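Everything in the sequence shown is counted per the working numbering, starting at 4 for the first residue and increasing by one.
Positions of the beta carbon are idealized from the N, C-alpha and C atoms, including for glycine.
Source: prediction; values computed, not measured.
Here is the structure we will look at.
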Amino acid sequence: MQKTPKKAFLFADKKLGIGLGHMSRTKALANLLEQNHYQAKILDCIFLESFKESCDLMSIDSYTLPIDSYYQATSLARVCIFFDDTLRLPYPKGILLNASLGADLQSYKNKYPNHTLWIGKGYTLLQKPFLQLLNTPHKLHKTIKNIMVTLGGADILGLTKWLCEELYTFNPNFQIHYIHKDKHLFKKAKGYSNLNATQMANLFSQMDLCICACGQTLSESIACKVPTLGLEVAINQRANLIGYANCIESIKEVWTLDKEALKTQLLQSIIRFKDLSYRELLVKRGFLLFCENTQWKEGFKALKTLLE
Numbered sequence: 004m005q006k007t008p009k010k011a012f013l014f015a016d017k018k019l020g021i022g023l024g025h026m027s028r029t030k031a032l033a034n035l036l037e038q039n040h041y042q043a044k045i046l047d048c049i050f051l052e053s054f055k056e057s058c059d060l061m062s063i064d065s066y067t068l069p070i071d072s073y074y075q076a077t078s079l080a081r082v083c084i085f086f087d088d089t090l091r092l093p094y095p096k097g098i099l100l101n102a103s104l105g106a107d108l109q110s111y112k113n114k115y116p117n118h119t120l121w122i123g124k125g126y127t128l129l130q131k132p133f134l135q136l137l138n139t140p141h142k143l144h145k146t147i148k149n150i151m152v153t154l155g156g157a158d159i160l161g162l163t164k165w166l167c168e169e170l171y172t173f174n175p176n177f178q179i180h181y182i183h184k185d186k187h188l189f190k191k192a193k194g195y196s197n198l199n200a201t202q203m204a205n206l207f208s209q210m211d212l213c214i215c216a217c218g219q220t221l222s223e224s225i226a227c228k229v230p231t232l233g234l235e236v237a238i239n240q241r242a243n244l245i246g247y248a249n250c251i252e253s254i255k256e257v258w259t260l261d262k263e264a265l266k267t268q269l270l271q272s273i274i275r276f277k278d279l280s281y282r283e284l285l286v287k288r289g290f291l292l293f294c295e296n297t298q299w300k301e302g303f304k305a306l307k308t309l310l311e
């Protein structure tokens, strides 16, 4: 007899352009839930306040919702999963999920001793198209030609256009691509917006180099086996940067740098990336890191116990 699927509602920040990473990792969680016999539906966090439907599981991925919203979730769901990147709130009872490789488990144990913790290495979240590319052989080109620039839905430091300009000035033969709400930001580059996961993965797979923020896109770029320069554009990206430090080039605390200092570090990384063997080494290290993504099976066993 076929099991009746458990019902799950997943809420994620989507408004104001800030939610690209939230939506991506929430969709990845939805995929995992569906593989484990859940019926998962994703909703924008703006609808949570008026939401009244009971369910087996509810998740929240937000940088903006107040603590009351999390207590509301616990009143509607038998079990809740709360995404957290910065030990942000005194969450009610539930599962805390921080999928950043460099997340400090002990810090979570200290602050949340009574929560179930899905923290750090082993809990990486990737949507299906990125997982498929992770398991597909990929040969790097000898010469860097196609470069992707993507700094998140909000581009909070306003650096996309500047990066495109600097890359073009450094080498006019670069084919520069960028993801931004303004597809006409820089006429010497090709702009994209509103890409779904399949389109994004296909685009990444054509790149020789990716320059991205250190949020969810960093994981996706590495999974696509693209040599990557990660820019830490917000403090909540530190754990991801630390976790992937061995398989990327990175520029830390970009918000503290003036344009000349940032340009110097940018071009130093571009020059190092010219070495094909170095790029191949970084890609190999990234692949091996993802091979350690082994905690989800145990996590879902624990979830099953909580729902019994």
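Around the C-beta of phenylalanine 50, fewer than 16 other C-beta atoms lie within 10 Å, and the residue is accordingly described as exposed. For the 7 angstroms CB-CB criterion, alanine 242 and serine 110 do not form a contact.
No Cβ-Cβ contact shorter than 7 angstroms links glycine 97 with phenylalanine 86. If you look at isoleucine 98, you'll find it in the beta strand (DSSP E) that goes 98-101. In the DSSP assignment, no residue is bridged to cysteine 294. The DSSP-derived three-state label of serine 65 is coil. Residue nearest to glutamate 169 within the set Gly155, Ala192 and Gly218 is Ala192 (criterion: CA-CA distance).
Here the alpha carbon of leucine 92 sits roughly 10 angstroms from the alpha carbon of tyrosine 73.
When DSSP reads this structure, lysine 44 sits in a beta bridge with Phe12. Shown here, aspartate 107 sits in coil according to DSSP, grouped into three states, outside any helix or strand. Our two residues, cysteine 213 and phenylalanine 290, have alpha carbons roughly 16 angstroms apart in a direct line. Under the rule that a run must span 3 or more residues, the beta strand (DSSP E) segments found entirely inside the stretch 128-182 read 149-153 and 178-182. A distance below 7 angstroms between beta-carbons, with the five flanking residues on each side excluded, links histidine 183 to the following residues of its chain, in chain order: Asp158, Thr163, Gly194 and Ser196. Here the C-alpha atom of lysine 6 lies approximately 14 angstroms from the C-alpha atom of lysine 307. Beta-bridge partners assigned by DSSP to serine 253: Gly233.
Just measuring C-alpha positions, the residue of Phe293, Glu256, Thr201 and Leu36 sitting nearest leucine 160 is Glu256. DSSP places tyrosine 195 inside the beta strand (DSSP E), whose first and last residues are 192-195.
Closest by C-alpha distance to glycine 125, out of Asn101, Asn113, Thr119 and Leu244, is Asn101.
Annotation: leucine 260 is outside any alpha helix (DSSP H) and is labelled neither H nor E by DSSP.
Here phenylalanine 85 carries a strand assignment [DSSP, helix/strand/coil]. A check of alpha carbon separations from aspartate 107 across Tyr94, Pro116, Ile122 and Pro95 identifies Ile122 as the nearest.
Looking only at Arg288, Asn138, Ser222 and Ala226, the smallest Cα-Cα distance to leucine 244 is reached by Ser222. Shown here, aspartate 211 sits in coil according to DSSP, grouped into three states, outside any helix or strand. Annotation for arginine 282: Leu143, Pro230 and Phe276 place their beta carbon closer than 7 angstroms to its own, counting only its chain and skipping 5 residues before and after.
Leucine 234 sits close to alanine 216, with the two beta carbons spaced by under 7 angstroms. Going by DSSP, leucine 244 is part of the alpha helix (DSSP H) stretching over 241-246. Beta bridge pairing from DSSP links isoleucine 122 with Asn101. For tyrosine 73, the enclosing alpha helix (DSSP H) stretches over residues 70-79. By the criterion of a C-beta distance shorter than 6 angstroms, leucine 90 is surrounded in its chain by Lys114, once the five residues flanking it on both sides are discounted. Taking the Cα positions, threonine 146 is about 52 angstroms away from leucine 309.
Annotation for isoleucine 225: the continuous alpha helix (DSSP H) segment containing it runs 219-226.
Distance between alanine 11 and tyrosine 94, taken at the CA atoms: about 19 angstroms.
DSSP lists Leu234 as the bridge partner or partners of alanine 216.
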